[in-house]
Each structure stands twice: as C-alpha cells, then as structure tokens.
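Numbering of the sequence shown is given in UniProt numbering, commencing with residue 1 and proceeding in unit increments. For every residue, glycine included, the Cβ atom is placed at its ideal position computed from N, Cα and C.
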Amino acid sequence: MGKKGILLVNLGTPDSPSTADVRKYLDEFLMDERVIDINAIGRTLLVKGIIVPFRGPKSAKIYKEIWTDAGSPLLINGNKVHEEITKKLGDDYMVELAMRYQTPSIPDALERFKQAKVDSIKVVPLFPQYASASTGSVHQLVMEIVSKWQAIPPISFVNSYYDHPGMIKVFADNARKHLDQKWDHILFSFHGIPQRQMRKADVSGEHCLKVENCCSVLTENNKYCYSAQCHQTARLISDELGLKKEDFTICYQSRLGNDPWMKPYTSDILKELAAKGAKRLLVLCPAFVSDCLETLYEISFEYQEEFVELGGEKIQLVESLNDNPAWIDALEDIILNK
Numbered sequence: 001m002g003k004k005g006i007l008l009v010n011l012g013t014p015d016s017p018s019t020a021d022v023r024k025y026l027d028e029f030l031m032d033e034r035v036i037d038i039n040a041i042g043r044t045l046l047v048k049g050i051i052v053p054f055r056g057p058k059s060a061k062i063y064k065e066i067w068t069d070a071g072s073p074l075l076i077n078g079n080k081v082h083e084e085i086t087k088k089l090g091d092d093y094m095v096e097l098a099m100r101y102q103t104p105s106i107p108d109a110l111e112r113f114k115q116a117k118v119d120s121i122k123v124v125p126l127f128p129q130y131a132s133a134s135t136g137s138v139h140q141l142v143m144e145i146v147s148k149w150q151a152i153p154p155i156s157f158v159n160s161y162y163d164h165p166g167m168i169k170v171f172a173d174n175a176r177k178h179l180d181q182k183w184d185h186i187l188f189s190f191h192g193i194p195q196r197q198m199r200k201a202d203v204s205g206e207h208c209l210k211v212e213n214c215c216s217v218l219t220e221n222n223k224y225c226y227s228a229q230c231h232q233t234a235r236l237i238s239d240e241l242g243l244k245k246e247d248f249t250i251c252y253q254s255r256l257g258n259d260p261w262m263k264p265y266t267s268d269i270l271k272e273l274a275a276k277g278a279k280r281l282l283v284l285c286p287a288f289v290s291d292c293l294e295t296l297y298e299i300s301f302e303y304q305e306e307f308v309e310l311g312g313e314k315i316q317l318v319e320s321l322n323d324n325p326a327w328i329d330a331l332e333d334i335i336l337n338k
C-alpha cells in the first residue's frame with residue numbers, strides 16, 4: 001500500500017525581499033480572482049498598472065525589516081512545522097508544504113504526490129477560518145490541477161478549524177505569558193476582507209450586513225462566514241482566558257484600497273482606545289498560525305508607532321502558533337480527524 005499524502009498550504013512569501021521578487025509575489029497574489037474579485041480587465045489594470053509598480057518598492061522595504069538570515073519567518077516556521085508533523089505522523093504519510101503563491105508551489109507538491117503514487121491526498125490550508133480569498137483559493141487551485149490527471153486518487157479538503165480546542169488553547173496559553181502585566185484592553189485583530197466578499201458568501205442574500213450584529217453569533221445562516229468564524233475563535237480564546245466582554249474588542253487589519261472592508265478597523269479601535277486614555281494594549285492575531293508580515297511588522301511596528309502618536313505607550317503582540325509542540329499536536333488531530 002502507498003502512503004497518504006498530506007498537503008499543508010500557507011498563503012505565500014516572496015523568494016527574497018528584493019523589489020523584483022516582491023513585485024513577482026504581489027502580482028501572483030493580487031491577480032487571483034478570489035483575492036481581488038472584480039472583472040479581469042479591471043483587476044489587471046489595478047494590479048499591474050497601479051498596485052504592483054507603486055506598492056512593490058514599499059513592500060520590499062517592509063519585508064527587509066522582518067527578513068532573517070534564514071529567510072522569511074513564514075517559510076521558516078512552515079518548514080519547522082512540516083518537519084515536526086512529518087515525524088509525528090510517521091512512515092504511513094507523505095507530507096508536503098506548499099504556498100498558494102510562489103514557492104514551494106502547490107503544483108510541484110501535487111506532482112510529487114503523483115509520482116509517489118500516494119493512496120489519497122488531504123489538503124490542509126493553514127488558515128483557521130474559511131475565506132474565499134484564502135482557503136477557497138487553495139481548494140480551487142488544487143481541484144484545477146488534479147482535474148487534468150488521468151488517475152485521480154481520493155482527495156479531501158479541510159475547510160476550517162476555527163474552534164479546534166487544541167489550537168484555541170495554544171493561543172490562550174501564549175496570551176497568558178503576558179497576563180501578569182497590566183493591560184488596558186485586549187484586541188483580537190484578524191486579517192480583513194472586503195465586505196463584498198462577505199456578502200457573496202451569504203447564499204441566502206438575507207443575512208450578511210442585513211441582520212444586526214450578523215457575525216456576532218455563529219448560526220446555520222453564517223457558518224461559512226469568515227467574520228462569524230473569527231468572532232467564534234475570539235470568543236473561545238477569551239473564554240479560555242476568563243475574559244469579560246468589556247475586556248476585549250474584535251477588529252480587522254490589513255485593509256487594501258478604498259472599498260469598505262470588515263469593520264471595525266484595527267486602526268480605528270486604536271484611535272478610540274487612545275482617546276479614552278488607554279496606554280497598554282495586548283494584541284492577538286488568531287487568523288495567522290505563523291508570525292509573518294502582518295504580525296511582526298503591521299502590529300508590532302506600524303500599529304505600535306500609530307498608537308504612540310495617539311498618546312498610547314505599548315502594543316504587545318502575542319506570538320502566533322509557529323512551531324509550538326502543542327500546535328503540532330493540534331495539527332495532527334486536525335489532519336487525522338477533520
């Protein structure tokens with residue numbers, strides 16, 4: 001009997017922090033029809049004519065701030081997780097790590113499964129909450145590739161694990177390391193997506209942004225809603241930490257463009273808290289299983305600088321799951337039982 005193939009997929013990273021490589025990464029990322037979900041001509045003009053040429057050099061400078069001698073933190077942590085989960089699963093499994101954009105690539109990983117004649121393939125996106133622009137994009141690309149194979153082995157997909165007890169506990173335990181200090185407020189800052197993508201995910205057309213507090217409670221109507229899953233993740237972590245509702249705020253970062261995105265924006269919450277006299281904030285980012293540009297730079301540098309300018313003092317980032325052994329245990333359970 002052959003092995004079972006396990007494909008771990010994260011978003012992606014440039015091959016280097018050079019402007020050329022960052023532009024190449026941004027081009028592939030932003031040209032994805034699920035990421036910028038407008039007509040193809042408009043997307044091409046926007047991405048290739050405006051965003052990539054002008055954002056590339058700026059993003060390259062930011063990537064240089066977090067780059068290490070060993071490379072991108074996202075890929076470094078990904079390789080560590082790949083190594084540890086391979087050991088844990090044992091010889092019956094073949095584990096590949098891929099990025100949705102750039103390298104290591106999904107097509108190459110799938111080709112290795114094909115050549116190894118694996119008995120089955122399970123795709124595990126490294127995004128706890130489902131979103132069309134992340135998990136959906138991974139699933140679509142895998143299906144497009146294998147649809148061209150003559151012999152297609154059994155394939156399964158993990159949709160989400162926003163409420164997995166093991167994952168929740170690791171985030172909570174990481175936060176506990178900082179709770180011996182005094183914090184004026186705690187933020188759960190998730191990666192944002194455009195509101196139009198949230199509405200598209202509502203097949204009923206009657207719930208998203210039409211029902212008051214439509215994302216605050218997970219229901220049958222919004223079970224595939226990214227924002228509703230984010231709320232549930234934050235609620236479970238806050239319960240694990242024994243927080244009260246007034247102790248924390250759920251917000252969204254990384255907005256791109258002028259269209260309305262999920263609210264409240266993290267930057268707006270910083271302004272509100274600073275105006276109320278808050279000086280010290282603890283920030284968790286449970287949409288990311290690995291520390292990356294959005295945590296190491298956007299939270300720890302950009303928001304820290306913004307908060308100080310508003311009169312605050314300290315933003316403390318809670319580290320992500322990275323290669324925490326307890327996360328490896330949780331990931332094993334997700335792979336075997338989801």
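> Between the stretch 182–198 and the stretch 271–281, do at least 3 Cβ pairs fall closer than 8 angstroms?
Replying inline: yes
Evaluate residue 156 with the Cβ neighbour count: other Cβ atoms within 10 Å of its Cβ, from every protein chain shown; 16 or more gives buried, anything less gives exposed. exposed
| said: Just to confirm before moving on: does the CB-CB distance between residue 270 and residue 243 stay below 8 angstroms? | reply: no
- Alpha carbon to alpha carbon, what distance is there between residue 6 and residue 112? 11 angstroms
**Item:** CB-CB length for residue 317 against residue 300, believed under 8 angstroms
**Value:** 5 angstroms
Handout entry: Simplified DSSP state of residue 340, which is helix, strand or coil
Key = Any answer about residue 340 is impossible in this case: the structure gives the chain only from 1 up to 338.
Run the CB neighbour count on residue 190, radius 10 Å, all protein chains shown included, and call it buried at 16 or more, exposed below.
buried
message: Using the Cβ count rule (16 or more neighbours within 10 Å means buried), how would you classify residue 167?
response: buried
Can you say whether residue 54 is buried or exposed, counting buried as having 16 or more other CB atoms within 10 angstroms of its CB?
exposed
**Prompt:** In terms of residue numbering, what span does the alpha helix (DSSP H) encompassing residue 197 cover?
**Reply:** 195–201
### Inter-stretch contact (C-beta, 8 angstroms, three-pair minimum) for the stretch 321–335 and the stretch 195–205
no
Q) Looking at the structure shown, is residue 255 part of a helix, part of a strand, or coil, going by DSSP? A) coil
- Query: Between which two residues does the beta strand (DSSP E) harbouring residue 341 extend?
  - Reply: A query on residue 341 cannot be resolved here, the shown segment of the chain reaching from 1 to 338 and no further.
Legend entry - Ordered list of beta strand (DSSP E) runs contained in the stretch 202–240, each at least 3 residues: none
* **Contact the stretch 100–107 vs the stretch 7–25: 3+ CB pairs below 8 angstroms** => yes
Q) Alpha carbon to alpha carbon, what distance is there between residue 217 and residue 169? A) 21 angstroms
Throw me the rounded Cβ distance for the residue 30 and residue 51 pair, which I believe falls under 8 angstroms.
6 angstroms
Candidates 80, 254, 209 and 107: closest to residue 149 by CA position:
107
Quiz prompt | Residue from 84, 27, 284 and 75 whose Cα sits closest to the Cα of residue 59 | solution = 27
Practice problem: Find out if the Cβ-Cβ distance for the pair residue 92, residue 4 is shorter than 8 angstroms. | Solution: yes
>> Which of the three DSSP states is assigned to residue 16 in this structure?
In response: coil
**Study point:** Whole beta strand (DSSP E) elements within the stretch 21–103, 3-residue minimum
**Key:** 93–101
Proximity winner among 129, 151, 164 and 88, relative to residue 117 (alpha-carbon distances) = 151
On the DSSP letters alone, give me the boundaries of the alpha helix (DSSP H) that residue 304 sits inside.
304–309
Whole-Å CB distance - residue 160 paired with residue 135, under 8 angstroms assumed: 7 angstroms
inquiry  = Please report the straight-line C-alpha distance between residue 339 and residue 221, rounded to a whole angstrom.
reply    = Missing from the structure shown is residue 339; the chain here goes from 1 to 338 and no further.
Practice task
Please report how far the alpha carbon of residue 291 lies from the alpha carbon of residue 73, in whole angstroms.
Solution key: 7 angstroms
* Local conformation of residue 10 per DSSP, three classes -> strand
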